[in-house]
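Residue numbers (the working numbering), protein chains in the order written: chain A, 515 to 850; chain B, 515 to 850.
Number of protein chains: 2
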Amino acid sequence: MSATRVKLSDVARDAGVSPATVSRAIAQPDLLSPKTLAKVRASAQRLGYLPDGAARALASGRSMTIGAIVPTLDSAIFARALQAMQARLAQSGYLLLVASHEGSPAAETQAVRALLGRGVDGLMLVGAERATETTALLEAAGLPVVLTWCGDGRFTAVTIDNARAGRLAAEHLIGLGHRRIGMIAGHLQFNDRQRARLAGARRALAEAGLDLPDSLVVEQALTLAGGRAGCAMLLELDTPPTALIGGIDLFAIGCLEEAHARGMIVPDDLSVVGIDGLDMSAHVSPGLTTVHVPTGRIGNLAAQTLLAMVARQPVEPETLLPVELVVRRSSQAAAG
Amino acid sequence: MSATRVKLSDVARDAGVSPATVSRAIAQPDLLSPKTLAKVRASAQRLGYLPDGAARALASGRSMTIGAIVPTLDSAIFARALQAMQARLAQSGYLLLVASHEGSPAAETQAVRALLGRGVDGLMLVGAERATETTALLEAAGLPVVLTWCGDGRFTAVTIDNARAGRLAAEHLIGLGHRRIGMIAGHLQFNDRQRARLAGARRALAEAGLDLPDSLVVEQALTLAGGRAGCAMLLELDTPPTALIGGIDLFAIGCLEEAHARGMIVPDDLSVVGIDGLDMSAHVSPGLTTVHVPTGRIGNLAAQTLLAMVARQPVEPETLLPVELVVRRSSQAAAG
DNA sequence: AGCCTTGCTGAAAGCGCTTTCATAGTAGCG
DNA sequence: CGCTACTATGAAAGCGCTTTCAGCAAGGCT
Numbered sequence: 515m516s517a518t519r520v521k522l523s524d525v526a527r528d529a530g531v532s533p534a535t536v537s538r539a540i541a542q543p544d545l546l547s548p549k550t551l552a553k554v555r556a557s558a559q560r561l562g563y564l565p566d567g568a569a570r571a572l573a574s575g576r577s578m579t580i581g582a583i584v585p586t587l588d589s590a591i592f593a594r595a596l597q598a599m600q601a602r603l604a605q606s607g608y609l610l611l612v613a614s615h616e617g618s619p620a621a622e623t624q625a626v627r628a629l630l631g632r633g634v635d636g637l638m639l640v641g642a643e644r645a646t647e648t649t650a651l652l653e654a655a656g657l658p659v660v661l662t663w664c665g666d667g668r669f670t671a672v673t674i675d676n677a678r679a680g681r682l683a684a685e686h687l688i689g690l691g692h693r694r695i696g697m698i699a700g701h702l703q704f705n706d707r708q709r710a711r712l713a714g715a716r717r718a719l720a721e722a723g724l725d726l727p728d729s730l731v732v733e734q735a736l737t738l739a740g741g742r743a744g745c746a747m748l749l750e751l752d753t754p755p756t757a758l759i760g761g762i763d764l765f766a767i768g769c770l771e772e773a774h775a776r777g778m779i780v781p782d783d784l785s786v787v788g789i790d791g792l793d794m795s796a797h798v799s800p801g802l803t804t805v806h807v808p809t810g811r812i813g814n815l816a817a818q819t820l821l822a823m824v825a826r827q828p829v830e831p832e833t834l835l836p837v838e839l840v841v842r843r844s845s846q847a848a849a850g
Numbered sequence: 515m516s517a518t519r520v521k522l523s524d525v526a527r528d529a530g531v532s533p534a535t536v537s538r539a540i541a542q543p544d545l546l547s548p549k550t551l552a553k554v555r556a557s558a559q560r561l562g563y564l565p566d567g568a569a570r571a572l573a574s575g576r577s578m579t580i581g582a583i584v585p586t587l588d589s590a591i592f593a594r595a596l597q598a599m600q601a602r603l604a605q606s607g608y609l610l611l612v613a614s615h616e617g618s619p620a621a622e623t624q625a626v627r628a629l630l631g632r633g634v635d636g637l638m639l640v641g642a643e644r645a646t647e648t649t650a651l652l653e654a655a656g657l658p659v660v661l662t663w664c665g666d667g668r669f670t671a672v673t674i675d676n677a678r679a680g681r682l683a684a685e686h687l688i689g690l691g692h693r694r695i696g697m698i699a700g701h702l703q704f705n706d707r708q709r710a711r712l713a714g715a716r717r718a719l720a721e722a723g724l725d726l727p728d729s730l731v732v733e734q735a736l737t738l739a740g741g742r743a744g745c746a747m748l749l750e751l752d753t754p755p756t757a758l759i760g761g762i763d764l765f766a767i768g769c770l771e772e773a774h775a776r777g778m779i780v781p782d783d784l785s786v787v788g789i790d791g792l793d794m795s796a797h798v799s800p801g802l803t804t805v806h807v808p809t810g811r812i813g814n815l816a817a818q819t820l821l822a823m824v825a826r827q828p829v830e831p832e833t834l835l836p837v838e839l840v841v842r843r844s845s846q847a848a849a850g
């Protein structure tokens, strides 16, 4: 074990200055004369001084920490967004405190409470739908909050147009002549992203005079296996769809799998379109047609926005990032 | 914005008790009489009191926060491990502070410094190889540290036998009659996991009287594209290998891709084996033979171990988790 | 030359909580 | 019953830092 930790006053004594000066050497170096600064830095260096974050946070009111609450870290999507956030935050000396709620609003509330208690300087959340208690907590705390993927018009947000993503997927399929299109969506409970994607697809179909009956929509857990299962259900219908939209790429990849297992050829026997634009989607076979979502940018921008808010700079209330259809081999013109 | 935050003393006044009592109501409820406890809780509830973590950390010396430093969050492997950690920690009221170093030892040092500064109660790191400065920092701090994937005999560790993973992959291929086996490894610089896997494979080959010349080993960035590129290089050799080992599943999946793009049939023309056991690997086509690594368990156990260490309970200096060969369709007996 | 800036540093008061230490009841015991 | 031994609470001293608020030099100005 170490000797008692070196503290600011030790550095001050060593450098022959007051604690205030050492503090300034760390936080506002330009207030000091070059000579003093050098002296303090030398002492700090030599003693191996590491400021105590808790004390700094308590005294200054800022923890240099940003919180992020996602449904799960175990998802290529959120992992990428968090990596991007973390990278951006690190540049500014901030650290990321993460929590996940696994799709439970109550767990999200708990997470917000925990992060707020830890004194995060800002908070990133996914989606706009949550327990009213959570929102109340957030508002009472009055700290910078950035919503991602979906906004609610109240909190600052970095979003994508999920409905448009659904629409693009559907329109692509409609354009290819498909008339009977199915969709596998994530559980719509507490998942506004999936709801919006489904609604967008449904809307596009309706505008084309097509219907998206409940029988052609299945809700599944957000996993590859969920995609397979959903695909299986849809393909076993009396009149199965000729094309499928996956609410996330993972679903679509599951569809590819399931179709393959059934001896069906994608895209000859079934067209499949995903939404997300995972790296993996370009590499499955056949390459997955998907609506690309700039996941990394969402994370980066969320971090940037939070940082700006912490610094009391003005920010866009809502930044809408573009989604884009990427056509690959998993979709083609409907037979006949 | 909110009114000034409710603090402990407000609750104390409201409940008609001393601050000490309120503090105890939070941290050591059984020290209070049921009556007092109820009174305090009621006040806290009504006022919406949320303890200030920074103040608690400063006064108590514990931040209820565990740090984790991984190469990147944007990897199915680390994402899963972190999710498992986070879930376990949350159960005990701890939060996860994450940082990534993107393969840079210097960045890792910085991250350690940042996390130590934030007063984490414990730290999870990946691998055993790091800048001596980092190790010095860790030792000086004298806080619970758990290494994952690889241990170094000094710090507590939750590991897998990476060499064995490489060996299992190689032996499987050797057993199938392959004589010319190539390997795609991650950059070996600052990556002891990859080095061990390569060494294990090489050892197995040597024991079978086979050679793994440098020409059959390529180092690539840890991405799917890296796997493809590595595969391409190996296949373009004058006498290309008949089987490939991917240092991570992503590489192996890249190989599947690349082989497919070249019109080669896996496993007829080329056998491919990965190491990791990604979910995705069961779903690519052909299904990937891989050495499964219990990634989630690593995270869970790392969390559990850290929690035990924080509580000053004795822990295993090193827990070795099993790896296991999972044979799927991407590997078969060598032709002729 | 006297006065006012401007620039740099120090003194000291907290930030909101935990934690000895001390105290006052309360019960148990011979 | 008087004494010990708890138990439940309060008083107060920090935890290590930041941040006004002053103060003192050293110039710049008229």
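We put the beta carbon where it would ideally sit given N, CA and C, even for glycine.
Let me know the secondary structure DSSP gives residue i once reduced to three states.
i                : result
Ile759 (chain B) : strand
Tyr647 (chain B) : What sits at residue 647 (chain B) in the sequence shown is Glu, not Tyr. Reduced to three states, the DSSP call for Glu647 (chain B) is helix.
Val841 (chain A) : coil
Met578 (chain A) : coil
Ser516 (chain A) : Its pLDDT being 46, under 50, Ser516 (chain A) is placed unreliably in this model, and the value from its coordinates should be taken loosely. Correct three-state label for Ser516 (chain A): coil.
Ile779 (chain B) : coil
Thr737 (chain B) : coil
Glu852 (chain A) : The structure shown does not extend to residue 852 (chain A), since chain A is modelled only from 515 through 850, so no value can be given for it.
Ser859 (chain B) : In the structure as shown, chain B starts at 515 and stops at 850, and residue 859 (chain B) therefore has no counterpart that could be examined.
Ala568 (chain A) : helix
Ala613 (chain B) : strand
Leu771 (chain A) : With the sequence shown as reference, residue 771 (chain A) is identified as Glu, and Leu is not the correct amino acid for it. DSSP places Glu771 (chain A) in helix when its eight states are reduced to three.
Asp793 (chain B) : helix
Val626 (chain B) : helix
His692 (chain A) : coil
Glu832 (chain B) : strand
Should residue i be flagged as near chain B, meaning a C-beta pair shorter than 9 angstroms?
i                : result
Leu596 (chain A) : yes
Gln605 (chain A) : no
Asp566 (chain A) : yes
Asp455 (chain A) : No statement about residue 455 (chain A) is possible, as the shown extent of chain A runs from 515 to 850 and does not include it.
Arg843 (chain A) : no
Ser516 (chain A) : The pLDDT assigned to Ser516 (chain A) is 46, lower than 50, so where the model puts this residue is not dependable; a value taken from the coordinates is nonetheless given after this. Yes, because at least one Cβ of chain B sits closer than 9 angstroms to the Cβ of Ser516 (chain A).
Would you call the CB atoms of residue i and residue j closer than 9 angstroms?
i                : j                : result
Leu572 (chain A) : Leu551 (chain B) : no
Asp763 (chain A) : Leu792 (chain A) : yes
Ser537 (chain A) : Leu561 (chain A) : no
Pro533 (chain B) : Ala526 (chain B) : yes
Arg711 (chain B) : Ile789 (chain B) : yes
Pro619 (chain A) : Arg602 (chain A) : no
Gln734 (chain A) : Gly700 (chain A) : yes
Val612 (chain B) : Ala582 (chain B) : yes
Thr623 (chain B) : Leu651 (chain B) : yes
Leu702 (chain B) : Arg709 (chain B) : yes
Phe765 (chain B) : Leu719 (chain B) : no
Ala628 (chain A) : Leu609 (chain B) : yes
Leu834 (chain B) : His806 (chain B) : no
Ile591 (chain A) : Leu637 (chain A) : no
Ile812 (chain B) : Met794 (chain A) : no
Looking at C-alpha atoms only, which residue of the options is the closest neighbour of residue i?
i                : options                                : result
Val634 (chain A) : A:Val841, A:Ser589, A:Met823, A:Asp783 : A:Met823
Pro781 (chain B) : B:Val805, B:Pro755, B:Thr662, B:Ala556 : B:Pro755
Trp663 (chain B) : B:Thr673, B:Glu647, B:Phe669, B:Leu815 : B:Thr673
Ala739 (chain A) : B:Val798, B:Gln703, B:Val731           : B:Val798
Give a yes or no on whether the minimum CB-CB distance between residue i and chain A is below 9 angstroms.
i                : result
Glu616 (chain B) : yes
Met747 (chain B) : no
Ala671 (chain B) : no
Arg742 (chain B) : yes
Asp524 (chain B) : no
Leu609 (chain B) : yes
Thr623 (chain B) : no
**Message:** Please identify, using Cβ separations under 9 angstroms, the residues of the stretch 767-800 of chain A that lie next to chain B, in order along the chain.
**Reply:** Here the close residues are Ile767, Gly768, Leu770, Glu771, His774, Asp793, Met794, Ala796, His797, Val798, Ser799.
**Request:** Check distances from the C-beta atoms of the stretch 546-566 of chain B to those of chain A and list, in chain order, the residues that come in under 8 angstroms.
**Result:** Going along the stretch 546-566 of chain B in chain order, one finds Gly562, Leu564, Pro565, Asp566 with a Cβ nearer than 8 angstroms to chain A.
**Request:** Could you list the residues in the stretch 802-820 of chain A with a C-beta less than 7 angstroms from some C-beta on chain B, going in chain order?
**Result:** Residues passing the 7 angstroms Cβ filter: none.
**Message:** Closer than 8 angstroms between beta carbons: that is the criterion. Which residues of the stretch 626-649 of chain A meet it against chain B?
**Reply:** Answer set for the stretch 626-649 of chain A: Arg627, Ala628, Leu629, Leu630, Gly631, Arg632, Gly633.
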